[in-house]
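The next block holds one structure in the form of structure tokens; read it before the comments.
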Amino acid sequence: MPADRTIVAKGTRVAVGIVAAAALVAAAGAAVVLPLPGVSAVPASFSIDPAPAEEVRACAGPLVRLSDDTGADATSISSVGTTTVYAAASDPAAVLDETALLSPDDVISNEPTAPARIALPAAAADTADSDLLFAAAQSQSVSTPELVGLAATSCGEASPDSWLVAGSTTVGRTSFVVLANPGDVNSIVDLAIYGDAGLVESPGAQNIDVPARSTRILSLAGLAPDLADPVIHVVASVGAVTAALQHSVVRGLEPGGVELAGATAPPAPEQTVTGVRVAGTSTISERLADADYSDLQSVLRLFVPGSEPASVTIRVTEERDGGAQTEYQVGLTPGVVTEFPLQDIPDGVYTVEAGSDVPFVMGARTSTVGNGGLDFAWYQSLQPLEERFFVTNADGPNSRLHIVSTTGESVEVTLTDASGVVTEATIVPGGRYLPLRVGGSYTVTTSDPVLANVTYFGDGRSSSFPIAPPNPAASAVVVYP
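Mapped onto the working numbering, the consecutive letters of the sequence shown carry residue numbers 1 to 481.
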């Protein structure tokens, strides 16, 4: 009997085990078939609106040369004369704060001649006028044995990434890279310099320290000697800077012009320059027979920063009703700078549009010959602007605001100056211009987004600078505790 009880007990435990196993299988099957109860939680968060901060522009400062103020010490950099700065806001009552940037590379720099830092204080920006805009520009006309011509440029916002398409360091050509840091944090900058043979190996172009509220001036010949067609990528690994390039020419004993070129538009499949003034072609053609005058030729300078070659369609349109239009095709090798001559184009003012299947950067150069001597201008590619933007004009002959539609359709434009005078115009496809007053400031409204720049042209004087869109304002930050 005890043996029978043991058998029964074991049998009972096996039966219970089988039933329990079956129950588990059934429960598992039900878990697959039946939806499980959902559990969700929304993470706690809150939004912080950044406190208004001052808006800042940095000006490149006066033109410089390789020597001290006595003409000696060819290894030092010294400024020549002074530049005139104009700054204004869309509300004439807004007070801008102008201070000097330190310029330790300029051996004779002092506060009256130093590069300017222009700021719209946070208190002014945080007013009921949430659309308050401001801009600044500088210009300098010079006539010395080394420097002759007009150099005008806008005072820009600092950026961690920009491109310079201008300059030369061949015999008689001098170029300086000007880096301005208007912020309160030191910046560290790397320059990638490209030419017609590709990337230039230049250890001195790396880890350039630009102290807070200071300007650095670098001789491009010291970084990339004998380079006819530089394109420079300026990257700040820490902080942000504005970048400009001063380019001057001396042929023998004859100065051949000076320009201060700001940053061009970043790489994109479509690039546009406008207000390109071609003048004195017959006189220039005669001088082109001399190799030392070959850079009087009007050119486009193009560069593809990626690894894919580009096929570029270039369309040159004259800025007048019934004006000439010419189209070209050019192939670009990646990593190599190409200069495309704008030949057989009669005197006039042109818009140049270039399109490709890959991103590239572009700039244009033209020359002028007059009783005032030789000069040249660099035209930077333009970035689209919102339907409302602000322009401050500098000092120069026959200053014009050139406007190009981004839609290919006519655009209605209204200019309102600081005194409230309104000018209205229709800008047809191909681009047109409106005259500007020296030192004038204008709120510009348009029916569609546009591209715009300011140009100057006179007897032996020419220059240009783009109207760049402001950096986007800081948006609200969502914080998850």
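All C-beta atoms in this analysis are idealised placements derived from N, C-alpha and C, irrespective of residue type, glycine included.
A93, buried or exposed, once every other Cβ within 10 Å from all chains shown has been counted against 16: exposed
Inter-residue Cα distance where the pair is Q329 and N371: 36 Å
Reduced DSSP category for S294 - H, G, I as helix; E, B as strand; rest coil: helix
Contact belief for P269 with D357 at Cβ below 8 Å, rounded distance in angstroms: Indeed they touch by this definition, with Cβ atoms about 7 Å apart.
Euclidean distance between Cα positions of E424 and P309: 43 Å
Alpha helix (DSSP H) segment containing E286, residue limits: E286 -> alpha helix (DSSP H) spans T281 to R287.
Residue of E353, A158 and A53 minimising C-alpha distance to A122: A53
N181 at chain C interface by Cβ criterion, 8 Å: Among the protein chains of the structure shown there is no chain C, as only one such chain exists.
Beta-bridge partners of R315, as assigned by DSSP: E327 and E353
Cβ separation of A151 and L260, assumed to be a contact under 8 Å, to the nearest whole Å: 4 Å
N-terminal and C-terminal residue of the alpha helix (DSSP H) that A221 is part of: Run containing A221: L220 to L223, per the alpha helix (DSSP H) assignment.
Supposed contact pair V189 and A488 - C-beta distance, whole angstroms, cut 8 Å: The requested residue 488 is not part of the displayed model; the chain covers only 1 to 481.
A452 - DSSP class collapsed to helix/strand/coil: strand
Neighbour-count burial assignment, N207, 16 or more Cβ in a 10 Å radius: exposed
Alpha-carbon to alpha-carbon, S141 and G331: 38 Å
Closest residue to W378 among V241, G460, D196 and S464 (Cα-Cα distance): S464
Stretch-stretch touch, CB-based, cutoff 8 Å, three pairs: the segment 184-201 with the segment 75-85: Flag = no, the segment 184-201 and the segment 75-85 do not touch.
Cα-Cα separation between Q297 and A289, rounded to whole angstroms: 11 Å
S139, enclosing beta strand (DSSP E) - first and last residue: Under the DSSP assignment, S139 falls in the beta strand (DSSP E) whose first and last residues are F134 to S143.
Own chain partners of A364 with C-beta closer than 8 Å, once the 5 adjacent residues on each side are dropped: Counting only Cβ-Cβ distances below 8 Å, and skipping sequence neighbours, we find V273, V276, S298, V299, L300, R301, L342, V352, W378 and Y379.
Inter-residue Cα distance where the pair is V80 and E201: 31 Å
Residues of its chain near V312, where Cβ-Cβ distance is below 8 Å and the 5 sequence neighbours each way are ignored: L302, Q329, V330, G331, L332, A354, G355, S356 and F360
Given 8 Å, three or more beta-carbon pairs between the segment 433-446 and the segment 98-112: no
Pick from G373, A224, R216 and L220 that is closest to L101, judged by C-alpha positions: R216
Residues bridged to V56 (per DSSP): A119
Sufficient close CB pairs (3 or more, under 8 Å) joining the segment 404-416 to the segment 454-471: no
Continuous beta strand (DSSP E) assignments of at least 3 residues falling wholly in the segment 201-240: 208-210, 214-219 and 231-238
Buried versus exposed call for R461 [16 or more other C-beta atoms within 10 Å across all chains shown]: Around the C-beta of R461, 16 or more other C-beta atoms lie within 10 Å, and the residue is accordingly described as buried.
Spatial neighbours of P483 in its chain, beta-carbon cut-off 6 Å, leaving aside the 5 residues before and after: Shown here, the chain extends from 1 to 481; a query on residue 483 therefore has no answer.
Residue interval of the beta strand (DSSP E) (run including S168): Looking at the DSSP string, S168 is not in any beta strand (DSSP E), and its letter there is neither H nor E.
CB contact flag (E157, R57, <8 Å): yes
Between the CA atoms of A124 and P145 - distance to the nearest angstrom: 45 Å
Cβ-based neighbour list, H402, same chain, cut-off 7 Å, excluding 5 preceding and 5 following: T274, G275, G431, Y433, A452, N453 and T455
Those residues which DSSP pairs with T392 across a bridge: Bridge partners of T392: S441.
Among E339, S282 and R388, nearest to G348 - alpha-carbon criterion: S282
Pair within 8 Å by beta-carbon distance, A221 and I193: no
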